[in-house]
Each structure stands twice: as C-alpha cells, then as structure tokens.
Amino acid sequence: MTSIRGRLFMILMITTGIVWMSAIAWIYLSTRAEVERVLDARLIEAARMVSSLITSQEIDPKRAAQIPAIEPTMHASYDRQLSCQIWALDGTLVGRSDAAPATPLSDAQDGFSETLIGGETWRVYAVVNTDLGMRVLVGDNMRVRDRLVADVIRGLALPALLILPILAGLIWLSVRKGLGPLNNMAHALETRPASDLSALPDVDTPSEIKPVIRSLNGLFGRVQAARERERDFTAFAAHELRTPIAGLKTQAQVALGSEDPSIRANALRQIMVSVDRTSRLMRQLTDLTNAERGEVDTDGRRVNLGRLASQLAEDIRQHYPDAAPIEVCARLKDICLEIDASLFMLATRNLMENAVVHSPGGDVVHCGLSVDDDHIAVTIDDRGPGIPEDELPKVCERFYRGRNKTAMGSGLGLAIADLAAKRLGGHVSLTNRAEGGLRAELRFNKILLPQPPCREPRNVDGKTESFSDGSQSRKDRLAHEK
24 MTSIRGRLFM ILMITTGIVW MSAIAWIYLS TRAEVERVLD ARLIEAARMV SSLITSQEID
84 PKRAAQIPAI EPTMHASYDR QLSCQIWALD GTLVGRSDAA PATPLSDAQD GFSETLIGGE
144 TWRVYAVVNT DLGMRVLVGD NMRVRDRLVA DVIRGLALPA LLILPILAGL IWLSVRKGLG
204 PLNNMAHALE TRPASDLSAL PDVDTPSEIK PVIRSLNGLF GRVQAARERE RDFTAFAAHE
264 LRTPIAGLKT QAQVALGSED PSIRANALRQ IMVSVDRTSR LMRQLTDLTN AERGEVDTDG
324 RRVNLGRLAS QLAEDIRQHY PDAAPIEVCA RLKDICLEID ASLFMLATRN LMENAVVHSP
384 GGDVVHCGLS VDDDHIAVTI DDRGPGIPED ELPKVCERFY RGRNKTAMGS GLGLAIADLA
444 AKRLGGHVSL TNRAEGGLRA ELRFNKILLP QPPCREPRNV DGKTESFSDG SQSRKDRLAH
504 EK
C-alpha cells in the first residue's frame, strides 16, 4: 500500500480491533471466573441450607430436595437451574428435585466435583450429615454457566459491531485531518512555478513535517546555486568563445582579401592558433562538465601514477611539440593508489598543460613525487613566471585569468584540476618556487596508499624523500629537496 492515509487507517483499525478483541477476551475470562465463583457460592449455600433444614428437622428429607434453594427470576432460561439430591449413606435415594437425574450427581463424599451425566457436565457440591446418615448433593448444569457467560459477551460484542463502522469513519476523518498539513505542502509545491526556488515557510508546521521542509529548502538552495553556476558558466563560456571565433573570422577575411603570400600565411597561422585555442576551450568545457557530473569509480583497482603521468606527458608532447618537455620521475611508477584513473588523468593533464604553456620553450617541466607524514603528492614544477601571491587563492576559480595569462589560456585548467582532485578526495596546492616558476601539487591522503607491491617513499634523516625526475641521483634529489 503506497498511500500514507490508507496505511495509517489500516494500522489504526487493526490496532483498535486487536485492543477490542483483547478487551473482550479479558472480559470473557474475568466474567467466567466471577460467574463460577458466584454460582459455586450459591451451590455451597443451597447445600448447607438443605442440610441445615434436615438437621433441625424443620422439613422432611423427602420434601427438602423439592424446595429450590434460589428462585431465579431474571431470565426464564435460568429457571430451575439447580438440582438437588439427598442420599442415605448406604446409597439409598431419599429425595430429589424435579430437574435432578435419578443417578447420583456425584460420587464425591464432600466438596466440589464435576460429573458427566447424559453427555452433559454438572458442577456438584456435596455435604455429608453424619448425624443423620445422609449426603446432600446440589448441582447445576455447566451449560447454564456457559450460557450466562455467552450472554455477557454477546451483550458486549453486538454494540461493538454496531459502533465499529462509526469508529472507522471517525478514524478516517481523523487521519485525513491529521495529514492536512502534508496535503497543504503538496498543494503549495504543485502550484509553485518551476522558477520559484524560494524556501518553504515552516511557521506553524508540525514537527514531523519540518525535517521534510528543511530538506526541500536545502535542495532548493542547492538547485538555485547550481543554476547560478550554470548561468555564470554559460555566460563566461560564451564570452571566451567569442574572442577566438571573432579572431577566426578576422584572420579568414585577411587571408581572403590579401594577395601577399606572407600576409596570407601569417593569417592562416593565426587561424590555426584560434582553432587550437577554441578546441582546447571546448575540451576543457567538456572535461569540466564530466568532472561535475561524473561519479567516482575505483572498483578497488590500483592506479599506477607513474604510468599514467608518462602517458599524459607523451600526449601533451604530441599536442605541443614546440613547448617545454615533461620529465616524469621514474620512482613515481612505484606508487599506486586506489583512485579513479580518469579523474586523476583529468587533474594531472590540466596541471601539466598549465605548466607547459607557461614554461619557456627550452626548459623542462618536472613531474615528481613528495611524501610527508599525512599526504602523498604528485608534483609538477615549471620555470614559468609563477603566480602573484595575491592571485593564488583565486586562480582555481572558473575563467579566472591572472596577470600572467597566455593567449592559449582560458581560465579553466586549474579549476578543472581542483574539481577533479576534490572528487578524488584530494586537493590542488600551488606555491611559487624560490628558484622561479610554480609548483603544483596534486595531494592525497596517505590512507589511499595500499600495501606493496607499490612502494611508499621514505623519510631520510627527518627529510622528505622527493623525486622530480628519473635522471637525478639519490644524493642530488635529497639536496634538491633541502
């Protein structure tokens, strides 16, 4: 059942039915016990009364059995429910009442007993008068007792059956009234425009619904923030695409309108630059979208950081043949992490591209490894102009381009790297190097580092062992790190 109203109604009806049946069962048991106690007391009273009359010789024993002990008048079906027998101790029947059978009601000499006579059970109380040599038996049919209890239960059950439909209607109305605030909230959401992401009011709202309203308001806030980011993203992307497209058109017009081969060649080169920039921007926009919407997938597999870094370095060399080459530390291939390979490559590629684009053509970009007590980091060192200190907190924002921007830059590379790193559970750290250039670190928590065969770098003499390329000796590497 998917209806809350129906579920609550059924739960309340079943609960009410169980309580009602339990009450009837309790009343049945208690009534039966009370009826048996009262009727047993009446049997004792009647037997002792007959025995007393015989003892005082106020009545003939033959007639004593004919006198009813109690003359019930409440209901005709209960008339003459007591039977009395008087037996001599030698087994001779002295007298009996009209309803009493000819056979002894009980063989017991004294006290209570139950006897099966004619297929029916009798409850009998016996009193022995040794002075007169007689035994008085007074009993009643258990069928009468059962009828008494059944009449009591019937008197309770019949009103219950009549009241039950009324009770069901009241429960239904109560459930409907109780769910009124939920219906009001549903109506408010149904009539709300799709563009309205304002918070739902929670004043005078039942405490059970407040968590739902708080969750919805949180969702509205996140959707509103996402829509604003998408709106800003679209505006920035349109602005960034406008420049290379306008440049393409201008250079195409120059190439078409000029007959000078050198001017046409230069215009075509500029067209290629604009095409490359546009292509890179579109790829970064796609990467950013994938990083935002994609799900992290490790599947328990270990990723060799060195192999992926070497693959990325080769891909970048093919795309930027005239740019600074990338040297990957050989010891980086000893490190494996249980992370999403595609997100790692996305973050590392953008950091490498950023370093290559800003490095002088004759220099080398080093991709190395750094380990401290809590983190393991893939480092990328270049000898470019670096980033002004006041811009370091801003460069990971989308479309932010600092003072040291290049023609190929779009302001997305570091933002993509930072987003991918965060989805991996790490972060990007940027610092200016003392010897010039920038160090970009893709830092991860050490708990992601599995056991061998992937080896963890060591700390030597209290210093972090760091590798920037595969050609340096151990001594040179440690000196470089100092």
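Our numbering numbers the first residue of the sequence shown as 24 and each following residue consecutively.
Ideal placement from N, C-alpha and C gives every residue a C-beta, glycine not left out.
Expected contact under 8 Å - CB spacing of residue 72 and residue 110 to nearest Å: No, residue 72 and residue 110 are not in contact; Cβ-Cβ is about 17 Å, not under 8 Å.
DSSP state of residue 343, grouped into three classes? Here residue 343 sits in coil by DSSP.
How big is the Cα-Cα spacing for residue 145 and residue 25? Taken atom to atom, the span from the alpha-carbon of residue 145 to that of residue 25 is near 56 Å.
Ordered list of alpha helix (DSSP H) runs contained in the stretch 340-393, each at least 4 residues: 364-381
Where do the N-terminal and C-terminal ends of the beta strand (DSSP E) with residue 150 fall, by residue? 143-152 is the extent of the beta strand (DSSP E) around residue 150.
Run of the alpha helix (DSSP H) containing residue 59, from where it starts to where it stops: Annotation for residue 59: the continuous alpha helix (DSSP H) segment containing it runs 27-78.
Assigned exposure category for residue 409 - 16 Cβ within 10 Å defines buried: buried
Residue 390 and residue 399 look like a contact to me (Cβ under 8 Å); what is the Cβ gap, rounded to whole Å? 14 Å between Cβ atoms; not a contact.
Should residue 468 be labelled buried (16 or more other beta-carbon atoms within 10 Å of its own) or exposed? exposed
Please classify residue 178 as buried or exposed, where buried requires at least 16 other C-beta atoms within 10 Å of its C-beta. exposed
Quick one, which of 169, 167 and 149 has its alpha-carbon nearest residue 160's? For residue 160, the closest C-alpha among the options 169, 167 and 149 is that of 149.
In the DSSP assignment, the beta strand (DSSP E) including residue 463 goes from what residue to what residue? 461-468
Who are the near neighbours of residue 27 in its chain, counting only those whose CB is closer than 6 Å to its CB and skipping five residues on each side? Same-chain partners within the cutoff: there are none.
Below 8 Å, how does it come out for the stretch 61-77 and the stretch 199-210: are there three or more Cβ pairs, yes or no? no
Residue 158, DSSP secondary structure in three states: strand
Quick one: give me the first and last residue of the beta strand (DSSP E) that residue 453 is part of. 450-455
On the criterion of 16 or more Cβ atoms from any shown chain inside 10 Å, does residue 375 qualify as buried, or is it exposed? Burial call: buried.
Three-pair Cβ contact test at 8 Å for the stretch 165-176 versus the stretch 107-124: A contact is defined here as three or more CB-CB pairs under 8 Å, and the stretch 165-176 fails this definition with respect to the stretch 107-124.
Express the C-alpha separation of residue 294 and residue 578 in angstroms, rounding to a whole number. The structure shown does not extend to residue 578, since the chain is modelled only from 24 to 505, so the question has no answer here.
Below 8 Å between beta carbons: does that hold for residue 58 and residue 235? At least 8 Å separates the beta-carbon of residue 58 from that of residue 235.
Given a cut-off of 8 Å on the beta-carbon distance, is the pair residue 271 and residue 362 in contact? Here residue 271 is not near residue 362, since their CB atoms are 8 Å or more apart.
Residue 177 lies in the alpha helix (DSSP H); which residues open and close that run? Boundaries of the alpha helix (DSSP H) harbouring residue 177: 165-201, taken from the DSSP string.
Cβ shell of residue 62 (< 7 Å), same chain only, five flanking positions each side left out: 163 and 168
In or out: residue 246 buried (at least 16 other Cβ within 10 Å) or exposed? exposed
Going by DSSP, what residue range makes up the alpha helix (DSSP H) through residue 446? In the DSSP assignment, residue 446 falls within the unbroken alpha helix (DSSP H) covering 436-446.
From this set, 251, 191 and 55, which residue's C-alpha is nearest residue 38's C-alpha? 191
Integer-rounded CB distance, given that residue 392 should sit under 8 Å from residue 358: About 6 Å separates the two Cβ atoms, so the contact holds.
Under the DSSP definition of a beta bridge, which residues are partnered with residue 135? Beta-bridge pairing by DSSP links residue 135 to 148.
Take residue 379 and list the residues in its own chain whose beta-carbon comes closer than 8 Å to its own, dropping the five residues that flank it on each side. 339, 343, 346, 347, 349, 388 and 405
Among the residues of its own chain, which have a CB less than 7 Å from the CB of residue 356, if the five just before and after it don't count? Excluding positions up to five away in sequence, the list reads 327, 329 and 330.
Taking residue 211 and residue 223 to be in contact with their CB atoms under 8 Å, please state how far apart those CB atoms are, rounded to whole angstroms. 7 Å
Using a Cβ-Cβ cut-off of 6 Å (strictly less than) and excluding sequence neighbours within five positions of residue 136, which residues of its own chain qualify? 129 and 147
Taking the C-alpha atoms as reference points, what is the distance between residue 305 and residue 292? 20 Å
Cut-off 6 Å between Cβ atoms - residues of its own chain near residue 459, not counting five sequence neighbours on either side: 406
Mind checking whether the beta-carbon of residue 60 lies closer than 7 Å to any heavy atom of the ligand SAH? You won't find the ligand SAH in this model; it holds no ligand whatsoever.
Tell whether a beta-carbon distance below 8 Å holds between residue 443 and residue 360. no
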